[in-house]
Amino acid sequence: AEQMMRTSSDIGSYADATGSQRAANLGAGSISGKSRPYTGVVLAEAPNSAAGVVAADVVLTNGVLAKVAFAAPELKLAKGFYYDVEARAKTGDSAYLHVIAAPKSSLDGKALASKILATDGRYGAFGPPTDVIVSNDVTKGDVRTVDLAFSAITPGGATTPRRAVLAATQAEGSPDVLVLVASASEARWNQGGADAARRVASTFRVDGTRPTKLRAEPASDYRFEEQGGVRLPKIENPLDGFSTEPAFGSSGGLGRPG
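Here the working numbering = 1-based position in the sequence shown + 4.
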């Protein structure tokens, strides 16, 4: 899509590419350059972590700024070009935020899974995940949880089994769907990873919302220029006294005012 913020990044490790630890040594050249995953997250400012709780201000459709949070005391907030809102552990456990912008219809468990496992997403860097199984689709209050099993494609073309719990909710005033993906490798899942993922997913929430003039597009993200976006300077029009503030998205599309 024209407004996606997609810039090139060389993935430095197998764990970065798949979210799990390397099962075997990969030969030279097996890690290839790939764009950062698209999670649909537009951040008003950097996410933070305090007392094990990860929180972030996320720009949503309809001029809504939502404060989302989840408790992940066993995980560490991930920082850097490759991440949006994500916490990780050396075991390969991870939890990250994915935003599905204004879906045209209600999303059941299979539809949520297809969005999370898209080829431009967190687990599709080297091809669409296989062996997908969706189960335990349950809604309690305003949060829907779904269990997900899949195999991610590795840089060398092999597969690595992974399990996840999806927790989906919405912020008042916006049609966007907020999804927390808490996951672990299949081996780790059977050794405490399942319980850990469910604990994290159960804490996912929207702590509050407020109106914003920011649009839910890449140019509104506080990292826009760092990730290759270009904003033109404010231009005063001497002919009619009006001010124009053009700005361009990373793909060349017209973005929000700078």
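All C-beta atoms in this analysis are idealised placements derived from N, C-alpha and C, irrespective of residue type, glycine included.
This one's a predicted model, so the numbers in the text were calculated from it and none came from an experiment.
Buried or exposed, going by whether 16 or more other CB atoms sit within 10 Å of the CB of residue i?
| i | result |
| --- | --- |
| Ile120 | buried |
| Val63 | buried |
| Phe85 | exposed |
| Val46 | buried |
| Thr134 | exposed |
| Ser110 | exposed |
| Asp61 | buried |
| Gly197 | buried |
Excluding sequence positions up to five away, which residues of its chain have a Cβ less than 6 Å from the Cβ of residue i?
| i | result |
| --- | --- |
| Ala117 | Val138, Leu152 |
| Pro132 | Thr123 |
| Asn140 | Asp151 |
| Leu218 | Val63, Ser224 |
| Thr43 | Asp88, His102 |
Going by DSSP, which residues form a beta bridge with residue i?
| i | result |
| --- | --- |
| Leu69 | Val63, Arg214 |
| Leu121 | Paired residue(s): none; Leu121 is not in a bridge. |
| Lys80 | Arg92 |
Going along the chain, which residues of its own chain have a beta-carbon closer than 7 Å to the beta-carbon of residue i, five neighbours each way excluded?
| i | result |
| --- | --- |
| Val169 | Thr149, Asp151, Ala186, Ala201, Arg202, Ala205 |
| Arg2 | Only positions 5 to 262 of the chain appear in the structure, and residue 2 is not among them; the question remains open. |
| Glu49 | Asp61, Tyr226 |
Under 8 Å by Cβ, that's how I've got residue i and residue j pegged, so tell me the actual separation to the nearest angstrom.
| i | j | result |
| --- | --- | --- |
| Lys71 | Ala59 | 6 Å |
| Asp180 | Ile104 | 7 Å |
| Ala172 | Gly96 | With 8 Å as the limit, Ala172 and Gly96 do not qualify as a contact, their Cβ atoms being about 23 Å apart. |
| Glu66 | Gly177 | Correcting the residue identity first, residue 66 is Asn in this sequence and not Glu. Between Gly177 and Asn66 the Cβ distance is about 6 Å, and since that is below 8 Å, they are a contact. |
| Ala99 | Ala129 | Rounded, the Cβ-Cβ distance is 18 Å, inconsistent with contact. |
| Glu190 | Pro222 | The Cβ separation is near 34 Å, so there is no contact. |
Find the nearest neighbour of residue i within the set the options, judged by alpha-carbon distance.
| i | options | result |
| --- | --- | --- |
| Arg209 | Ala93, Lys144, Ala188 | Lys144 |
| Val267 | Glu230, Glu229, Phe228, Gly212 | Lying outside 5 to 262, the shown extent of the chain, residue 267 is not represented and no answer is given. |
| Val142 | Arg166, Lys114, Phe154, Arg126 | Lys114 |
| Pro107 | Gln174, Asn194, Arg214, Val136 | Gln174 |
| Asp55 | Ala48, Gly125, Leu79 | Sequence check: residue 55 is Ala here, not Asp. The shortest C-alpha separation from Ala55 is found at Leu79. |
| Tyr127 | Arg40, Ala156, Glu90 | Ala156 |
Are the C-beta atoms of residue i and some chain D residue less than 8 Å apart?
| i | result |
| --- | --- |
| Lys108 | No chain D is part of this structure, which consists of one protein chain only. |
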